[in-house]
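I have placed the structure first, in the form of structure tokens, so that the comments after it can refer back to it.
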Amino acid sequence: MPIYPYAPGPINEPSENFVFPTDLGCLYIIEFYNGSSRFDQDDLILLNSGLTYEISIKKSYLEAPPENGQQKYDSLVKPTIQHIIDNFITTKGILPIYFFICDSEDEKEAARHKLFTEKWYNESQLENWVMFSYEITGEDIGIQPYYLGLLIHTDNPNFEVYPTAFENFMENQAVQGKLMNVVRSQNS
9 MPIYPYAPGP
19 INEPSENFVF
29 PTDLGCLYII
39 EFYNGSSRFD
49 QDDLILLNSG
59 LTYEISIKKS
69 YLEAPPENGQ
79 QKYDSLVKPT
89 IQHIIDNFIT
99 TKGILPIYFF
109 ICDSEDEKEA
119 ARHKLFTEKW
129 YNESQLENWV
139 MFSYEITGED
149 IGIQPYYLGL
159 LIHTDNPNFE
169 VYPTAFENFM
179 ENQAVQGKLM
189 NVVRSQNS
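Heads up: the sequence shown begins at 9 in the working numbering, then just goes up one per residue.
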């Protein structure tokens with residue numbers, strides 16, 4: 009399938025990123041941020057010797073963004089993003105773990121989560137990687153759910169330990185210390 013040409017983005021320690029412009033005037037940055045800084049020193053398993061990456065996908069416009077309802081579908085964006093993510097994960101081997109937090113700024117986080125955990129993951133070329141999908145809800149009325157994902161290779165020596173450690177981290181510290189209900193599902 010055709011994809012947009014892409015290139016490594018500007019060096020922005022502690023992350024690695026890739027950038028590509030689209031024919032419709034968008035600029036995408038796919039960032040693999042060293043996510044170790046999100047975890048305390050007490051969360052040694054999640055620090056993973058510095059091999060924990062947060063995946064971030066950012067979209068901006070080269071000119072003014074289109075009006076609501078005026079955005080066009082670009083069939084090359086999805087395969088380009090999939091290719092970049094699959095290639096990065098494949099070249100890093102089985103030891104890193106990857107997680108993502110769906111952006112909630114425009115209230116489309118549930119759709120993003122479904123797209124990433126169901127559609128992208130199921131169509132990816134990654135063999136023996138398991139996606140753990142999370143929805144975090146608060147007890148207080150008005151708190152929007154947070155959607156996260158965790159991607160681990162089945163041959164990783166800590167495969168069985170990471171999901172529970174990630175859930176404990178979220179329950180104990182995520183979302184400014186508010187009591188959370190964490191719901192996990194697994195795609196394999």
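Here a beta-carbon is modelled for each residue, glycine too, at the ideal position from N, C-alpha and C. None of these values were measured; they are calculated from a predicted model.
Spatial neighbours of residue i within its chain, please: CB distance less than 7 Å, with the 5 preceding and 5 following residues excluded, ordered by chain position.
i    : result
G43  : T60, Y61, E62, F107
P13  : F28
L103 : L59, N164
G101 : none
E24  : F40
I37  : G17, N25, V27, K66
Just checking my contact of residue i with residue j at CB under 8 Å: how many whole Å lie between their CB atoms?
i    : j    : result
M139 : P87  : 19 Å between Cβ atoms; not a contact.
I105 : N56  : 6 Å
N136 : D163 : 6 Å
N166 : I53  : 6 Å
What does the alpha-carbon distance come out to for the pair residue i and residue j?
i    : j    : result
F177 : S45  : 13 Å
E168 : D51  : 15 Å
E21  : E39  : 11 Å
P74  : C34  : 10 Å
A119 : D48  : 30 Å
Y129 : D82  : 19 Å
I11  : V85  : 7 Å
G17  : F26  : 5 Å
T98  : I109 : 21 Å
L158 : F174 : 8 Å
D31  : K80  : 11 Å
S68  : K122 : 22 Å
I160 : K127 : 17 Å
Y142 : L134 : 20 Å
N76  : F96  : 33 Å
S64  : A72  : 22 Å
I144 : Q194 : 15 Å
K116 : F124 : 12 Å
Q78  : Y154 : 28 Å
By Cβ distance, which residues of its chain are closer than 6 Å to residue i, with the 5 residues on each side in sequence left out?
i    : result
P171 : F140
H91  : I11
L156 : I109, Y142
Cutting at 8 Å between CB atoms, please list the residues of its own chain near residue i, excluding the five before and the five after it.
i    : result
Q70  : One detail in the question is off: residue 70 reads as Leu in this sequence, not Gln. The residues are P29, G33, C34, L35.
S132 : Q90, I93, D94
A15  : F26, V27, F28
Report task. For the region 60-136, list the beta strand (DSSP E) runs that are entirely contained and at least 3 residues long, ordered along the chain. Result -> Correct list: 60-69, 105-109.
Report task. At 4 residues or longer, and completely inside the region 25-64: list those alpha helix (DSSP H) runs for me, N to C. Result -> With a minimum length of 4 residues, the continuous alpha helix (DSSP H) runs that stay inside the region 25-64 are 52-55.
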